Amino acid sequence: MQNVYTVAQVNSYIKNMFTQDYMLQSIMVKGEVSNCKYHSSGHIYFTLKDAKGTIACVMFAPNRKGLRFQMTEGQQVVVSGSVDVYERDGKYQLYAREIQLDGAGALYERYEQLKQELEERGMFAAQYKQPIPKYIRTLGVVTAATGAAVRDIINIAGRRNPYVQIILYPAIVQGEAAAPSIVNGIHAMERLGVDVIIVGRGGGSIEDLWAFNEEVVAQAIFDCTIPIISAVGHETDTTIADFVADLRAPTPSAAAELAVCDIEQLQEKLSEYAYTLQHMCRRVIGRYRQAVEQYSVRMRYLSPMNMARTKRLQLLSLEEHLQNAMEERLRDKRHRLALYVEQMKGLSPLDKLNQGYAYVSDSTGATLTSVGQVSVGDRMTVYVKDGSLSAQVIDKQDGDLRV
């Protein structure tokens with residue numbers, strides 16, 4: 037009877053065969069990552085596949101120290117490790133000791149390392165970004181002399197503002213000579229003193245765009261005293277140059293729109309400003325004109341001539357009032373005088389003379405009212421209504437003639 041083996045014996049035998057195979061103990065396998073799971077224990081479980089097969093893989097936690105990127109679905113990787121059997125399940129799997137990105141993945145790893153290094157050096161910091169001038173006269177373009185990028189930039193810039201001068205530096209944008217060529221282009225534009233520089237090219241793979249991920253290009257952009265707009269690839273492409281540049285444009289066409297103002301919109305805006313300014317000037321002038329008119333009225337009222345005229349009118353009024361008062365006072369006085377005259381008439385010697393009486397004075401002019409004031413032989417003057425008479429006392433008689 038043939039020997040009968042247990043399942044454990046068979047699995048142990050197969051494991052021993054794998055262990056004795058030198059190639060399986062140190063093997064490198066390339067494939068696409070699938071079903072990647074990070075376990076709470078720190079282990080990583082994933083599947084490596086290609087067009088014709090799959091293999092289960094595991095990286096234990098102690099080996100993760102050398103893994104410099106986050107594994108995700110679809111990555112192309114090269115796994116170094118050993119192939120062995122897990123006796124309990126009877127399945128073989130690849131035990132990963134080291135995992136590296138393959139091809140574009142390796143470039144992506146270099147990209148991430150340089151990006152982290154430059155960010156730590158502060159080359160991406162916002163405080164170092166230069167503002168893009170709103171209105172420019174000269175635009176420097178560092179890109180390939182042929183291709184869609186330079187045509188798009190020239191067409192967009194010329195349509196937006198035909199007065200902007202475009203200076204092209206025909207740089208190499210792909211291959212080993214690309215990075216030094218781009219750096220020379222930036223330095224040349226800086227020496228010319230253009231207002232803004234656009235550095236870029238059309239889209240492509242990470243290998244095609246790699247020149248814009250080189251440290252020398254990033255350093256040249258960072259050191260440039262002229263604002264730089266990065267326009268590399270399509271909207272989904274992002275390079276180191278995009279992070280270092282003062283402004284990132286998703287496409288070369290967008291870079292031209294950001295660098296060159298639309299002159300038609302500017303003219304419309306200037307027309308609006310002119311209309312607003314004229315309207316505000318008219319309002320201000322109208323307000324000041326009204327104020328001037330008010331001040332003119334006040335000045336006419338407060339002017340020396342007007343004040344003199346007002347005082348003159350006041351004087352005329354006072355003069356008229358004074359004259360009226362004087363006339364009223366004179367009339368009153370005349371009336372009173374007439375009354376006094378009438379009263380005096382009754383006491384006037386002249387009236388008495390007119391009534392046949394005479395007025396007698398001695399030689400000194402003193403009025404004679406008594407017989408005792410004269411003596412016989414004294415001379416005296418007798419006044420009647422139409423003249424005077426000289427007389428001499430020849431006789432006098434005492435007697436009271438009052439009735």
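Per my numbering, residue 37 is the first one in the sequence shown, and the count goes up by one each step. Idealized CB from N, CA, C, for every residue including glycine. Quick caveat, the model's predicted, so the values are computed rather than measured.
- Rounded to the nearest whole angstrom, the C-alpha separation of A291 and I168 is 11 Å.
- Segment contact: the region 142-156 against the region 249-262, three or more CB-CB distances shorter than 8 Å; contact assigned.
- Counted as a single uninterrupted DSSP element, the beta strand (DSSP E) harbouring A132 occupies residues K127 to L137.
- Cβ contact annotation for I192 (same chain, cutoff 7 Å, sequence separation greater than five): S289, A292 and E293, in chain order.
- Here the alpha carbons of F54 and E134 stand approximately 20 Å from one another.
- Sixteen is the threshold: when 16 or more other Cβ atoms of the shown chains lie within 10 Å of the Cβ of T179, as they do, the residue is buried.
- According to the DSSP secondary-structure assignment, I234 is paired through a beta bridge with V177 and I265.
- Three or more Cβ pairs closer than 8 Å define a contact, and the region 228-247 falls short of that threshold against the region 116-125.
- Note on N197: 16 or more other CB atoms within 10 angstroms of its CB, so buried under the neighbour-count rule.
- Shown here, L84 sits in a strand according to DSSP, grouped into three states.
- Taking A162 as the centre and dropping the five residues before and after it, the same chain places no C-beta closer than 8 Å to its C-beta.
- Counting along the chain, M53 sits inside the alpha helix (DSSP H) bounded by residues V43 to Q56.
- Across the set V420, A310, V410 and V418, the C-alpha of V410 shows the shortest separation from the C-alpha of Q433.
- At least 7 Å separates the beta-carbon of F248 from that of T272.
- The closest CA to that of Q136, considering only H75, N71, R348 and V65, is found on V65.
- Taken atom to atom, the span from the alpha-carbon of L354 to that of S339 is near 22 Å.
- Shown here, N71 sits in a strand according to DSSP, grouped into three states.
- Rounded to the nearest angstrom, the gap between the Cα atoms of I91 and P98 is 21 Å.
- Residue state for L338 is assigned as helix, using DSSP reduced to three classes.
- Between the alpha carbons of N360 and L375 lies a gap of roughly 22 Å.
- About 6 Å separates the Cβ atoms of E123 and K51, confirming a contact at the 8 Å cut-off.
- Residues of the same chain with a CB within less than 7 Å of the CB of L245, apart from the 5 flanking positions on each side, are V268, G269, D273 and T275 in chain order.
- Counted as a single uninterrupted DSSP element, the stretch harbouring L204 is not any alpha helix (DSSP H) but the beta strand (DSSP E) occupying residues Q201 to P206.
- For R415, the uninterrupted beta strand (DSSP E) segment begins and ends at R415 to V420.
- The C-alpha of I234 is placed about 11 Å away from the C-alpha of A277.
- For the set M416, Y393 and G408, the Cα lying nearest the Cα of T400 is the one of M416.
- About 5 Å separates the CB atoms of M159 and V280; that is less than 8 Å, so the two are in contact.
- The C-beta separation of C93 from L154 comes to about 33 Å, leaving the pair out of contact by the 8 Å criterion.
- One thing to note: V232 has its Cβ within 7 Å of the Cβ of P263.
- Of the other Cβ atoms in all chains shown, fewer than 16 fall within 10 Å of the Cβ of M335; this residue is therefore exposed.
- By the criterion of a C-beta distance shorter than 6 Å, D86 is surrounded in its chain by G67, once the five residues flanking it on both sides are discounted.
- DSSP lists M64 and E134 as the beta-bridge partner residues of S116.
- In this structure, S426 is the residue among V377, I430 and S426 with its C-alpha nearest to the C-alpha of Y395.
- Rounded to the nearest whole angstrom, the CA to CA distance from I190 to D138 is 38 Å.
- Contact between G176 and V114 does not hold, since their C-beta atoms are separated by about 42 Å, which reaches or exceeds 8 Å.
- Annotation for H75: Y81 place their beta carbon closer than 8 Å to its own, counting only its chain and skipping 5 residues before and after.
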